[in-house]
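Below: the structure, in structure tokens.
In the working numbering, the protein residues as written are 1 to 199.
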């Protein structure tokens, strides 16, 4: 009997913790909902805001443990190199085919440093046989998302006049290994299986 496609169950994340960014995203969500109430259920929860560094499928606990160990080794390497966490500027709106509305990152030194960090952590895991399912890296903070199978789209008029919004700045505090399937925490954020902190 043929098996269906494997369902992704883990991802590497950078959590958005900056209060200004959260407040500004919430304000835009409220404006969009006022303009189109049908999008209310499509808003990303403020508590779950994050940047995705990689998507993964782990079929047993041993792979999860292997990933944790690889992340710890990566953290040790960064410390030996006196790693300075990037500071990201979140500004302007972008979208993917009118199905996903997101806050974008400024194309500056912080973004370049993030890309290097992402390449390095993904490469470190890959050398241990832990490979991401997505080759491209398009860092963004999702604001509103409509499932691909749904015919609905996000009309640009819903966020007209807000395309150049400045959201704030986020210093990368850690990289988290988050579960897509385990219950979220009391705060509303994803279950964190493992975390390497930079402070």
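Every residue gets a Cβ at the ideal spot worked out from N, C-alpha and C, and that includes glycine.
In the structure shown, residue 197 falls within a strand segment according to DSSP collapsed to helix, strand and coil.
The three-state reading of DSSP puts residue 165 in coil, since its state is none of H, G, I, E or B. Of the other Cβ atoms in all chains shown, 16 or more fall within 10 Å of the Cβ of residue 13; this residue is therefore buried. Using a 10 angstroms sphere on the CB of residue 183, the tally of other CB atoms stays under 16, which defines it as exposed. Using a C-beta cut-off of 8 angstroms, the region 153-163 makes contact with the region 23-38, since at least three inter-stretch Cβ pairs fall below that distance. Comparing alpha carbon positions, the residue from 109, 132, 90 and 40 closest to residue 167 is 90. Restricting attention to 44, 10 and 11, the CA atom closest to the CA of residue 26 is found in 44. When rounded, the separation of the alpha-carbon atoms in residue 187 and residue 18 is 15 angstroms.
Counting along the chain, residue 118 sits inside the alpha helix (DSSP H) bounded by residues 109-127.
Each residue's CA atom was taken as its position, placing residue 147 and residue 80 some 43 angstroms apart. In terms of Cβ geometry, residue 198 and residue 78 form a close pair [threshold 9 angstroms]. Counting along the chain, the unbroken alpha helix (DSSP H) around residue 23 starts and ends at 19-35. Three or more beta-carbon pairs separated by less than 8 angstroms are not found between the region 59-68 and the region 132-147, which leaves the two stretches without contact. With a beta-carbon spacing of about 6 angstroms, residue 121 and residue 175 fall inside the 8 angstroms limit used to define contacts.
Residue 109 is a Cβ neighbour of residue 86, given a cutoff of 9 angstroms. Residue 189 places its beta carbon 9 angstroms or farther from that of residue 75. Taking C-alpha positions only, residue 178 is separated from residue 46 by approximately 16 angstroms.
With a threshold of 16 other beta carbon atoms within 10 Å, residue 96 falls short and is exposed.
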